[in-house]
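This is the structure we're talking about:
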C-alpha cells in the first residue's frame, strides 16, 4: 500500500511551532464523511472588488459551527490547483465536512476558511488550455489580488483576528506553490504556511527563503507534504532539504 504524507486542516490550529517532521500515515476512516447529529459550519459564496484584476471576483467562505459575529477568528486561505476555481475544493474534497468532524472531535480551533479563485484574470474560468501562459501568469498575479483586495475585504466583512499570527495560507499543487511563494514571501502577513504536492510554480528554495533562520523564528508552522509516489515530490523535497 502506498504511503502518504497526510495534512489535516486542523494542524494550523493545533500545532504551535515550525519543525521538521516525517509523518507517514493513513487518514482516519470516515474523516471526510458527513456525520449525522453534529453541528455544521456554513458555506457562503461572496464577491469582492479586485482593483488588481479590475473585476468583481468570487470566493467561498466557511464559517465554523456556532459562528458568533461578536467573536474574532483566525483565517485560513485555502488555494486550489491549476484546473480549479473557488469551488474546486468542494468538487475534489470535502473541506467543510472534514472541518465539521474536527470541530465535533474538539481537534481544531474555530476559524474562518476562505477558498478563492487563484487565477487572477478577467476571465478566470478553468476552461480551454489551462496551461496557457496568460492563465499560468494569472496564478502569480493572484498574490497582489490576495494581499491588496481579498484579505482587506475579508477582514472588513468578517470578525477576524487581523494579524500574521492568526492568518494561514495553504494549497494543493498549483495552489501549494502559490502558498509557499506568497506565504514565505510575505512573512509579515502569514505565520502559518502549508504546501501540499506543490507544483513547479514553487520558487527555488534559495529565493523562497534566503534567510532560513530568520524565517524559522517568524513561522508558527511550515507544513510541506506530498505523496511518496507523486510526480511533484521533487519540488517539495528540494524545499524541505534546503530548510532542514
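In my numbering, the protein residues as written are 78 to 321.
Don't be surprised by glycine CBs; every beta carbon is placed ideally from N, CA and C.
Per the Cβ contact rule, the segment 277–287 is in contact with the segment 304–318 (3 or more Cβ pairs under 8 Å). Three or more Cβ pairs closer than 8 Å define a contact, and the segment 301–314 meets that threshold against the segment 266–276. Rounded to whole angstroms, the separation of the alpha carbons of residue 210 and residue 152 is 31 Å.
Per DSSP, residue 321 lies in no beta strand (DSSP E) and is assigned neither H nor E.
When the Cα atoms are used, residue 128 and residue 119 turn out to be separated by approximately 28 Å.
Judged by beta-carbon spacing, residue 154 lies within the 8 Å limit of residue 193, meaning their Cβ atoms are closer than that value. If you compare the alpha carbons of 212, 248, 197 and 236 with that of residue 223, the shortest gap goes to 197. With contacts defined as CB atoms closer than 8 Å, residue 276 and residue 250 qualify as a contacting pair.
Taken atom to atom, the span from the alpha-carbon of residue 240 to that of residue 266 is near 7 Å. With respect to residue 176, residue 190 sits close: the two C-beta atoms are nearer than 8 Å. The shortest CA-to-CA distance from residue 293 to any of 164, 321 and 311 is the one to 321. Judged by DSSP secondary structure, residue 156 falls outside any alpha helix (DSSP H) and instead within the beta strand (DSSP E) spanning 152–156. Distance between residue 160 and residue 246, taken at the CA atoms: about 19 Å. With a threshold of 16 other beta carbon atoms within 10 Å, residue 216 meets it and is buried.
Residue state for residue 124 is assigned as strand, using DSSP reduced to three classes. Within its own chain, the residues whose Cβ lies closer than 6 Å to the Cβ of residue 243, once the five positions on either side in sequence are excluded, are 151, listed in chain order. Taking the CA atoms as reference points, residue 121 sits about 6 Å from residue 137. In chain order, 115 place their CB closer than 6 Å to the CB of residue 181, counting only its own chain and leaving out the 5 sequence neighbours on each side. Within the model, the alpha-carbon separation for residue 214 versus residue 221 is close to 12 Å. Per DSSP, residue 213 is one residue of the alpha helix (DSSP H) stretching across 210–222.
Secondary structure at residue 254: helix, using DSSP grouped into helix, strand and coil. Separation of residue 218 and residue 311 (C-alpha to C-alpha, rounded to the nearest whole angstrom) is 24 Å.
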